[in-house]
Amino acid sequence: MNDDYIHIVLADDDEDDRLLFTEAFDELKITTKVNTYNDGVYLMDYLNGEDAIMPNVLFLDLNMPRKSGMECLKEIKANDKFKDMAIAIYSTSASEEDIENTFVQGANIYIKKPDNFKKLKKALSEVVTLNWQYHTNGLNKDNFLLRL
Amino acid sequence: MKLFIKFDFNAVCRQVLREKLDEIDVKYNILGFGEVDILENLSSEKYDELASALGNYNIEIVENQKSILVQKIKDAIIDMVFNEETNVNVKTSVYLADTLGHSYGYLSNLFSEVTYTSIENFIILQKIEYTKQLVIKGNLSLTEIAFKLNYSSVAHLSTQFKNTTGITPSAFKRIISKRREINL
Numbered sequence: 004m005n006d007d008y009i010h011i012v013l014a015d016d017d018e019d020d021r022l023l024f025t026e027a028f029d030e031l032k033i034t035t036k037v038n039t040y041n042d043g044v045y046l047m048d049y050l051n052g053e054d055a056i057m058p059n060v061l062f063l064d065l066n067m068p069r070k071s072g073m074e075c076l077k078e079i080k081a082n083d084k085f086k087d088m089a090i091a092i093y094s095t096s097a098s099e100e101d102i103e104n105t106f107v108q109g110a111n112i113y114i115k116k117p118d119n120f121k122k123l124k125k126a127l128s129e130v131v132t133l134n135w136q137y138h139t140n141g142l143n144k145d146n147f148l149l150r151l
Numbered sequence: 205m206k207l208f209i210k211f212d213f214n215a216v217c218r219q220v221l222r223e224k225l226d227e228i229d230v231k232y233n234i235l236g237f238g239e240v241d242i243l244e245n246l247s248s249e250k251y252d253e254l255a256s257a258l259g260n261y262n263i264e265i266v267e268n269q270k271s272i273l274v275q276k277i278k279d280a281i282i283d284m285v286f287n288e289e290t291n292v293n294v295k296t297s298v299y300l301a302d303t304l305g306h307s308y309g310y311l312s313n314l315f316s317e318v319t320y321t322s323i324e325n326f327i328i329l330q331k332i333e334y335t336k337q338l339v340i341k342g343n344l345s346l347t348e349i350a351f352k353l354n355y356s357s358v359a360h361l362s363t364q365f366k367n368t369t370g371i372t373p374s375a376f377k378r379i380i381s382k383r384r385e386i387n388l
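Chains A and B are the protein sequences, given in the same order.
So the first sequence is residues 4 to 151, counted in the working numbering.
So the second sequence is residues 205 to 388, counted in the working numbering.
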């Protein structure tokens, strides 16, 4: 984390949310490189591309046109190439059952989109720091579940 | 007869590095300026093998003293959490200072500087990870796990689990077992 950056990818169809997300990371002390995609199809095209750099953490909005976050999650989980990537669902409120279902389908993190910028920064910082702990301490990623 | 030889130190060193790294079979990237990026986890056996192979050429791996001490702190904590015999009844700060021979203040500042987390948070993370393993195994109740990990009560463990992960121990167990059903 000292010398290189953490690669973050977000797929979200809401332009304001993408902007806030990128700005929040810009203001954190952690060095990150953030790429955003407008929907699930663009995202999967990128990830399946031959020279795609695998993100350390992928943030997925659930409700997107063309391909939803849940569809992306299932595709990603079915492909071994993506097994080292932590997946965070980044969504507006959902039912308890839906939230639990994203975990069951293999998401590591569920973040309810915070209602202010300060909370957003705090949540994103928490996610990246904890992911880093799992990465550097060789903890079992299968047991990595976090809800914010 | 005399031979006159011209050589490029850099090229020689790179070649040696490449050969020795290939021998231990890891993915790497030689960055120049004496830095090598190892692109996977290097086991301590492979590290030792590499260090001694390079040592024959007087090439030395420069170790970062701070990172080594941080690793020792982590090892001591993990030993304390996972090993019931070292699970002694002294305060963690005293245990770490005694084991590592530095003041707790020094250790604590160094740890935060290098790892971006505090010793306290690291201990909590380790305990919660251990709890997760035990919960999944399923032969101990949460009360027994709390006792085993030196929590004053099962409520304390439950609360810490929920605060750290955002979900309850029972939800965690349910999610993991549902995941396994899908994978079958």
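A virtual CB, placed ideally from N, CA and C, is assigned to each residue, including glycine.
Partner residues on chain B for residue i, Cβ-Cβ distance less than 8 Å
i: residue 107 (chain A); result: 379, 382, 383, 386
Chain-order list of residues whose beta-carbon lies under 6 Å from that of residue i (same chain, five-residue window excluded)
i: residue 204 (chain B); result: Here chain B has residues from 205 to 388 only, and residue 204 (chain B) is not among them.
i: residue 225 (chain B); result: 232
i: residue 228 (chain B); result: 250, 253, 254
i: residue 62 (chain A); result: 13, 91, 93
i: residue 132 (chain A); result: none
i: residue 96 (chain A); result: 115
i: residue 28 (chain A); result: 35, 37
i: residue 147 (chain A); result: 111, 137
i: residue 67 (chain A); result: 16, 42, 43
i: residue 151 (chain A); result: 114, 126
Residues near residue i in its chain [Cβ-Cβ closer than 8 Å; skip 5 each side]
i: residue 240 (chain B); result: 221, 225, 232, 233, 234
i: residue 270 (chain B); result: 314, 317, 318
i: residue 389 (chain B); result: Lying before the first or after the last residue shown, residue 389 (chain B) is absent from chain B, which here runs from 205 to 388.
i: residue 376 (chain B); result: 336, 339, 365, 369
i: residue 379 (chain B); result: 371
i: residue 273 (chain B); result: 304, 306, 311, 314
i: residue 142 (chain A); result: 136
i: residue 243 (chain B); result: 230, 231, 232, 233
i: residue 300 (chain B); result: 277, 280, 281, 308, 311, 323
i: residue 6 (chain A); result: Only weak support exists for where residue 6 (chain A) lies, its pLDDT of 48 falling under 50; the coordinates are left without a value.
Interface partners of residue i on chain A, CB under 8 Å
i: residue 375 (chain B); result: 103
i: residue 369 (chain B); result: 148, 149, 150
Bridge partner(s) assigned by DSSP for residue i
i: residue 35 (chain A); result: A:9
i: residue 150 (chain A); result: A:113
i: residue 63 (chain A); result: A:14, A:92
i: residue 282 (chain B); result: According to DSSP, which records beta bridges pairwise, residue 282 (chain B) is partnered with nothing at all.
i: residue 40 (chain A); result: A:14
i: residue 233 (chain B); result: B:241
Contact list for residue i against chain B, beta-carbon separation under 9 Å
i: residue 34 (chain A); result: The contacting residues do not exist; residue 34 (chain A) stays about 12 Å from chain B at best.
i: residue 65 (chain A); result: Result: empty, since nearest Cβ-Cβ is about 17 Å, beyond 9 Å.
i: residue 142 (chain A); result: 329, 330, 333
i: residue 95 (chain A); result: The premise fails here: residue 95 (chain A) is roughly 17 Å from chain B at the closest Cβ pair, so nothing lies under 9 Å.
Partners in chain B for residue i, counting only beta-carbon separations shorter than 7 Å
i: residue 82 (chain A); result: Per Cβ cutoff of 7 Å: no residues; residue 82 (chain A) is ~14 Å from chain B at best.
i: residue 25 (chain A); result: Ordered by position in chain B, no residue passes the 7 Å Cβ test against residue 25 (chain A), which lies about 21 Å from the chain.
Own chain partners of residue i with C-beta closer than 7 Å, once the 5 adjacent residues on each side are dropped
i: residue 117 (chain A); result: 123, 126
i: residue 303 (chain B); result: 280
i: residue 387 (chain B); result: none
- [ ] Check distances from the C-beta atoms of the stretch 331–345 of chain B to those of chain A and list, in chain order, the residues that come in under 9 Å.
- [x] 333, 336, 337, 340
Open item on the list: Does the stretch 70–80 of chain A come into contact with the stretch 92–105 of chain A, if we say contact requires no fewer than three beta-carbon pairs (one atom in each stretch) closer than 8 Å?
Closed with: In short, these stretches touch, since the Cβ pair count reaches three.
Open item on the list: Could you check whether the stretch 7–17 of chain A touches the stretch 30–43 of chain A, counting it as contact only if at least three pairs of C-beta atoms, one from each stretch, sit closer than 8 Å?
Closed with: Result yes; three or more Cβ-Cβ pairs closer than 8 Å.
Task: the stretch 16–31 of chain A in contact with the stretch 46–61 of chain A per 3-pair CB rule at 8 Å - done: no
Task: Three-pair Cβ contact test at 8 Å for the stretch 271–291 of chain B versus the stretch 323–335 of chain B - done: yes
Task: Contact between the stretch 209–220 of chain B and the stretch 127–146 of chain A (3+ Cβ pairs under 8 Å) - done: no
- [ ] Give, in chain order, every residue of the stretch 256–283 of chain B whose Cβ lies closer than 9 Å to some Cβ of chain A.
- [x] 278, 282
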